[in-house]
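Chemist: Mapping to numbering that gives the first Met the number 0: the sequence shown position 9 is 8, numbers consecutive.
Got a structure here, written out as structure tokens. Questions coming.
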Amino acid sequence: METERGHRLLDFLREIQESTPWTVVVTEEAGTSAWHLGGSTWRATVVVDPRRWLGLAFETLDPVTGRRATYDIDTDLYDISQDEQREFAEEIESDIVEFLDNLRKRVVLRGNDGSKFVLVFPLNGSYVRVTQGRFVTRASTHTGLTAARTGSEYVPVE
0 METERGHRLL DFLREIQEST PWTVVVTEEA GTSAWHLGGS TWRATVVVDP
50 RRWLGLAFET LDPVTGRRAT YDIDTDLYDI SQDEQREFAE EIESDIVEFL
100 DNLRKRVVLR GNDGSKFVLV FPLNGSYVRV TQGRFVTRAS THTGLTAART
150 GSEYVPVE
């Protein structure tokens with residue numbers, strides 16, 4: 000029997016709801032659930048529609064400067080109901096779970112590099128550096144944490 004797309008993600012979100020102090024609000028409509036999560040300096044929305052789409056939209060703010068950074072993980076326009084997209088959907092689902100788990104473990108970091116607000120976090124055996132510019136968000140992958148953490152001091156996103 001095949002596991003429905005998004006099942007692992009939904010199980011993880013239910014665990015998060017029970018095991019963290021985060022604000023969690025869940026809405027459901029026609030087989031789609033939206034999980035609105037929040038901490039003191041961040042918010043995220045995770046959408047699980049096993050027939051069409053899986054996605055995470057994350058935003059964090061620097062409480063001192065008011066700068067923000069965003070990061071999204073989603074299945075884009077791929078039709079995840081098709082069997083040939085199953086592996087892709089599973090990879091996206093795993094990435095979302097890993098990101099949220101890293102956020103829970105406090106290894107998603109925020110800092111500044113000059114005038115740019117930066118996020119750094121592990122994902123798939125590498126480190127992702129997200130730099131929020133004035134108009135564009137740029138993500139780069141690094142093999143080590145030191146290379147990803149250039150700029151000022153970094154602190155966990157809370």
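Positions of the beta carbon are idealized from the N, C-alpha and C atoms, including for glycine.
Given the structure is predicted, the values throughout are model-derived calculations rather than measurements.
(1) When DSSP labels each residue in this structure, what does residue 58 get in the three-state scheme?
(2) Using 7 Å as the threshold, is the C-beta distance between residue 24 and residue 35 below it?
(3) Buried or exposed: where does residue 235 fall if 16 or more other Cβ atoms within 10 Å of its Cβ makes it buried?
(4) Can you name, in chain order, every residue of its own chain whose Cβ lies under 6 Å from the Cβ of residue 107, other than the five neighbours on each side?
(5) How about residue 74 and residue 88: are their beta carbons less than 7 Å apart?
(6) Considering only DSSP beta bridges, list what residue 98 is partnered with.
(7) Buried or exposed for residue 92, please, with buried defined as at least 16 other CB atoms from any protein chain shown within 10 angstroms of its CB.
(8) Taking all protein chains shown into account, do 16 or more other C-beta atoms lie within 10 angstroms of the C-beta of residue 4, making it buried, or fewer, making it exposed?
(9) Would you give the residue range spanned by the beta strand (DSSP E) that residue 131 belongs to?
Modeler: Working from what's here:
(1) The residue labelled residue 58 in the question sits at position 59 within the sequence shown. When secondary structure is reduced to three states using DSSP, residue 58 falls in the strand class.
(2) Here residue 24 refers to the residue found at position 25 when the sequence shown is read from its first residue. Here residue 35 refers to the residue found at position 36 when the sequence shown is read from its first residue. Remark: C-beta atoms of residue 24 and residue 35 approach each other more closely than 7 Å.
(3) Within the shown structure, residues of the chain are numbered from 0 to 157, placing residue 235 beyond reach of any answer.
(4) To locate residue 107, count along the sequence shown from 1; it is residue 108. These residues qualify, in order along the chain: 101, 120 and 156.
(5) Translated into positions along the sequence shown, residue 74 becomes position 75. Translated into positions along the sequence shown, residue 88 becomes position 89. In this structure, residue 88 lies closer than 7 Å to residue 74 by Cβ.
(6) Here the question's residue 98 lines up with position 99 in the sequence shown. Its beta-bridge partners do not exist; DSSP assigns none.
(7) Walking along the sequence shown from the start, residue 92 turns up at place 93. It counts as buried.
(8) Indexing the sequence shown from 1 puts residue 4 at position 5. By the 16-neighbour rule on beta-carbons within 10 angstroms, residue 4 is buried.
(9) In the sequence shown, the residue the question calls residue 131 occupies position 132. Counting along the chain, the beta strand (DSSP E) containing residue 131 begins and ends at 125-131.
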